[in-house]
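Asker: Take this structure, written in structure tokens, and hold onto it; I'll ask about it next.
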Amino acid sequence: MAASPTIIPIIMAGGAGSRLWPVSRDTMPKQFIQLLDGGLSAFQATMRRVVGEGFGRPIVVTNNDFRFITAEQLAALGIEAEIVLEPERRDSAAAVAVGALMAERQGIGGVCLLLASDHVIRDEPGFREAVRKAASVAATGRIMTLGITPDHPSTAYGYIHPGAESLGEGARSIERFVEKPDRATAEGYIAEGYVWNSGNFAFSIEVMLGELEAHAPNVLSAAREAVDRAARDLDFVRLDAAAFAASPTISIDYAVMEKTRAGGVLAAEFGWSDIGSWDSLHQVKDKDDNGNCLEGDVLAIETTNSFVRSEETLTTVLGLDDVVVVTTHDAVLVASMAAAPQVKTLVGELKKAGRREAGEHLRIHRPWGWYQRIDIGDRFQVKHICVKPGGRLSLQRHHHRAEHWVVVHGTAEVTIDGEVKFYHENEAAYLPIGCVHRLHNPGKIDLKLIEVQVGSYTGEDDIVRIEDVYARS
């Protein structure tokens, strides 16, 4: 028996996940949020599945805005990976092309395993066995899709009709791809042996690059130039923005898989879900005797088959069935379970209305920690700031506001116009307009403080960065 090929994981982690609004937003999308039990984000769970024997160094393709949370979550697991930054979103075909080119540059050959970062897999041994089989067939020149044997007639997924040709390891050729169906059509597909299209693939580098050249040459040429002109930035590979922008916005399904003759599908069962909406998350979560999934500060009475989640705010539900109720610091979602997949449309309407809540959380994550607005008004703003141990804000100044920092936890090292002082709990620092200042946490516990801004303008763009250890200046 031939040796199993080395598997190079390519993880796509740049999506927004707006169907899980208001928890998932542009500033912190679902793949980086702990939505399931176990204490890990979906991204972390995905990464943990693709390390160890048989796997090469992972390649994570993510958005520039998520670079630090990606690095932070990898570091928490002790996993090293190549983190490649997309300057803007261009759908999955560009990500696949970039991933394959980066894998080619590793020079170890083998088979690539393309995975979304936000999927749930409950049977990890079953997943690894399916990956082994798919990789074995991919090594013979096929682009293998991991198909999922349906357990219900879902209208949320695309379907694949396996062909008659056997490819070995239980895999088959692909007869055709079909779009998301209505329920009656989905029932017919299941009866005819169709499988769900998981959007996860295994392929050799040479075959994928060849099929991209044949069917999506503009995608490949843009990706190749973006990789060739990429620059190192700290621990990241930053793709060339101008070159990458030339790539068409198209999925790998449309660009390659629906056109190639090299496609194959392996039907598998390993407890898969893309947790694409609140109803699909409800399906995979543990429930009480009433069919409810209740998370956070929640009280539900005479309520059944519902998903209720609260972040710190008491949320009560009375006498409802099949509903989704999600409460965050600044937004509340109430929807029927049936309408849950339409949340993306709702978010689109909020964006049209210019609502900040559509894409931005109150808590904004930064490489040094996070901040959260407490209050804002005419000529003032109040924030709660948390700086992780060793975190260091940029050396900066403001043109329009003064700031007061009150330490409530930990120790702050504050630099003001070159003078360094230490402040402890219940001590305050004053930063006048125009002063050059920096905040650093020299301790081993989180530094938390209350920041009061006073001035004619308190927007985030009134920051002049002079020096920054995170290369943002």
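According to my numbering, the stretch in the sequence shown is residues 78 to 550, in order. Backbone N, C-alpha and C define an ideal beta-carbon position, used for all residues, glycine too. These figures come from a predicted structure and were not determined experimentally.
1. Can you give the beta carbon distance from Leu439 to His486, rounded, assuming they're within the 8 Å contact cut?
2. What residue ranges within the region 329–368 form continuous beta strand (DSSP E) runs of no fewer than 3 residues, ordered along the chain?
3. Between Arg549 and Arg542, what straight-line distance do the alpha-carbon atoms span, to the nearest angstrom?
4. I believe Ala158 touches Arg134 by the beta-carbon criterion, under 8 Å. Please report the beta-carbon distance rounded to the nearest angstrom.
5. Report the option in His475, Arg167, Gly116 and Phe143 whose CA atom is closest to the CA atom of Ile441.
6. Taking the beta strand (DSSP E) that Ile462 belongs to, which residues open and close that run?
7. Could you check the C-alpha separation between Val420 and Met285 for me, to the nearest Å?
8. What does the alpha-carbon distance come out to for the pair Leu343 and Arg209?
9. Here's the rule I'm using: 16 or more other beta-carbon atoms within 10 Å means buried, otherwise exposed. How should Pro239 be labelled?
10. Going straight from the alpha carbon of Pro99 to that of Glu434, what length do you get?
11. Less than 7 Å between C-beta atoms, sequence neighbours within five positions excluded: which residues of the same chain meet that for Gln150?
12. In the region 245–328, which residue ranges form an unbroken beta strand (DSSP E) of at least 3 residues, counting only runs that do not cross its ends?
13. Report back the beta-carbon spacing between Gly65 and Thr104 to the nearest angstrom; my notes put them in contact at under 8 Å.
14. Let me know if Ser533 comes out buried or exposed under the rule of 16 or more other beta-carbons within 10 Å of its beta-carbon.
15. Is Thr390 buried or exposed, if buried means 16 or more other CB atoms sit within 10 Å of its CB?
16. Taking the alpha carbon of Asp310 as the point to measure from, which residue in Ser101, Asp523, Thr392 and Ala148 has its own alpha carbon closest?
17. Sorted by chain position, which residues of the same chain lie with C-beta nearer than 6 Å to Thr139's C-beta, five sequence neighbours on each side aside?
18. Here's the rule: buried if 16 or more other CB atoms are within 10 angstroms of the residue's CB, otherwise exposed. What is Gly276?
19. Measure from the alpha carbon of Asp351 to the alpha carbon of each residue in Val394, Ala377 and Leu192, then state which is nearest.
20. Going straight from the alpha carbon of Ala170 to that of Ala177, what length do you get?
21. Among Gly467, Ile510 and Ala479, which one has its Cα closest to the Cα of Ala489?
22. Work out the CA separation of Glu335 and Glu346 for me, nearest whole Å.
23. Rounded to whole angstroms, what is the Cα-Cα separation between Ile251 and His292?
24. In the structure shown, what three-state DSSP assignment does Ile198 receive?
25. Residues in its own chain within less than 7 Å of Arg96 by CB, not counting five upstream and five downstream?
26. Alpha carbon to alpha carbon, what distance is there between Phe280 and Ala212?
27. For Asn274, does the count of other Cβ atoms within 10 angstroms reach 16, so buried, or fall short, so exposed?
28. Pull up the distance between the alpha-carbon of Phe457 and that of Tyr448, whole angstroms please.
29. Which value, in whole angstroms, describes the spacing of the CA atoms of Ile84 and Gly186?
30. Hey, could you find the ends of the alpha helix (DSSP H) Lys421 is sitting in?
31. What residue from Val296, Val272 and Gly341 has the CA that sits closest to Ala320's CA?
32. Return the Cβ separation of Asp374 and Ser357 in integer angstroms, given the expectation that the two are a contact with Cβ distance under 8 Å.
33. Contact defined as beta carbons within less than 8 Å: I believe Thr392 pairs with Val402. What is the distance between those atoms, to the nearest angstrom?
34. Counting only runs of 3+ residues fully inside the region 171–198, write out the beta strand (DSSP E) ranges in chain order.
35. Measure the alpha-carbon distance for Ala207 versus His359 and round it to whole angstroms.
Answerer: This is what the structure holds:
1. Reading the sequence shown from its first residue, position 362 is the one you call residue 439. Reading the sequence shown from its first residue, position 409 is the one you call residue 486. Their Cβ separation, rounded to whole angstroms, is 19 Å, which puts Leu439 and His486 out of contact at 8 Å.
2. 340–345
3. Counted from its first residue, the sequence shown places residue 549 at position 472. Counted from its first residue, the sequence shown places residue 542 at position 465. So the two alpha carbons sit approximately 8 Å from each other.
4. For the purposes of this step, residue 158 is taken as residue 81 along the sequence shown, with counting starting at 1. For the purposes of this step, residue 134 is taken as residue 57 along the sequence shown, with counting starting at 1. So it is a contact: roughly 7 Å between Cβ atoms.
5. Taking the sequence shown and counting its residues from 1, one reaches residue 441 at position 364. The residue with the shortest Cα to Cα distance from Ile441 is Phe143.
6. Residue 462 sits at position 385 when you count from the first residue of the sequence shown. First-last of the beta strand (DSSP E) with Ile462: Phe457 to Val464.
7. In the sequence shown, the residue the question calls residue 420 occupies position 343. In the sequence shown, the residue the question calls residue 285 occupies position 208. Cα to Cα, Val420 sits roughly 34 Å from Met285.
8. Indexing the sequence shown from 1 puts residue 343 at position 266. Indexing the sequence shown from 1 puts residue 209 at position 132. About 11 Å.
9. Your numbering for residue 239 matches position 162 in the sequence shown. The residue in question, Pro239, is buried, as its Cβ has 16 or more Cβ neighbours within 10 Å.
10. Here the question's residue 99 lines up with position 22 in the sequence shown. Here the question's residue 434 lines up with position 357 in the sequence shown. The straight-line gap from Cα to Cα measures roughly 8 Å.
11. In the sequence shown, residue 150 corresponds to position 73, counting from 1. Phe109, Ser118, Phe120 and Gln121.
12. 248–255, 272–281, 308–310 and 313–315
13. Nothing in the structure corresponds to residue 65, since the chain is present only between 78 and 550.
14. Working through the sequence shown from its first residue, we reach residue 533 at position 456. So Ser533 counts as exposed.
15. Here the question's residue 390 lines up with position 313 in the sequence shown. By the neighbour-count rule (16 or more Cβ atoms within 10 Å), Thr390 is not buried but exposed.
16. As a working mapping, residue 310 is identified with position 233 in the sequence shown. If we check each option's Cα against that of Asp310, Ala148 comes out closest.
17. Here residue 139 refers to the residue found at position 62 of the sequence shown. Within the same chain, Thr139 has close Cβ partners Ala90, Gly91 and Thr147.
18. Position 199 of the sequence shown, counting from 1, holds the residue named residue 276. Classification of Gly276: buried, given that the 10 Å Cβ count is 16 or more.
19. To locate residue 351, count along the sequence shown from 1; it is residue 274. Out of Val394, Ala377 and Leu192, the CA that lies nearest to the CA of Asp351 is found in Leu192.
20. As a working note, residue 170 is residue 93 in the sequence shown. As a working note, residue 177 is residue 100 in the sequence shown. For Ala170 and Ala177, the distance between alpha carbons rounds to 11 Å.
21. Working through the sequence shown from its first residue, we reach residue 489 at position 412. Cα-wise, what sits closest to Ala489 is Gly467.
22. As a first step, residue 346 is located in the sequence shown; it is residue number 269 there, counting from the start. As a first step, residue 335 is located in the sequence shown; it is residue number 258 there, counting from the start. Their Cα atoms are separated by approximately 23 Å.
23. Residue numbering aside, residue 251 sits at position 174 when the sequence shown is read from its first letter. Residue numbering aside, residue 292 sits at position 215 when the sequence shown is read from its first letter. Spanning the two alpha carbons is a distance of roughly 17 Å.
24. As a working note, residue 198 is residue 121 in the sequence shown. Strand, per DSSP.
25. Here residue 96 corresponds to residue number 19 of the sequence shown, with the count starting at 1. Once the five neighbours on either side are set aside, the close Cβ partners of Arg96 are Gly353, Ser354, Pro418, Val420 and Lys421.
26. Here residue 212 corresponds to residue number 135 of the sequence shown, with the count starting at 1. Here residue 280 corresponds to residue number 203 of the sequence shown, with the count starting at 1. Each residue's alpha carbon lies about 7 Å from the other.
27. If you number the sequence shown from 1, residue 274 lands on position 197. Buried, since its Cβ has 16 or more Cβ neighbours within 10 Å.
28. As a position in the sequence shown, residue 457 is number 380, starting the count at 1. As a position in the sequence shown, residue 448 is number 371, starting the count at 1. Those two C-alpha atoms are separated by around 16 Å.
29. Translated into the one-based positions of the sequence shown, residue 84 becomes position 7. Translated into the one-based positions of the sequence shown, residue 186 becomes position 109. Between Ile84 and Gly186, the C-alpha separation is close to 9 Å.
30. Here the question's residue 421 lines up with position 344 in the sequence shown. First-last of the alpha helix (DSSP H) with Lys421: Val420 to Lys429.
31. Taking the sequence shown and counting its residues from 1, the one referred to as residue 320 is at position 243. Checking every option, the nearest Cα to that of Ala320 belongs to Val296.
32. As a position in the sequence shown, residue 374 is number 297, starting the count at 1. As a position in the sequence shown, residue 357 is number 280, starting the count at 1. So it is not a contact: roughly 24 Å between Cβ atoms.
33. Residue mapping note: residue 392 aligns to position 315 of the sequence shown, counting from 1. Residue mapping note: residue 402 aligns to position 325 of the sequence shown, counting from 1. About 6 Å separates the two Cβ atoms, so the contact holds.
34. 188–193
35. Position 130 of the sequence shown holds residue 207. Position 282 of the sequence shown holds residue 359. Distance between the alpha carbons of Ala207 and His359 is about 25 Å.
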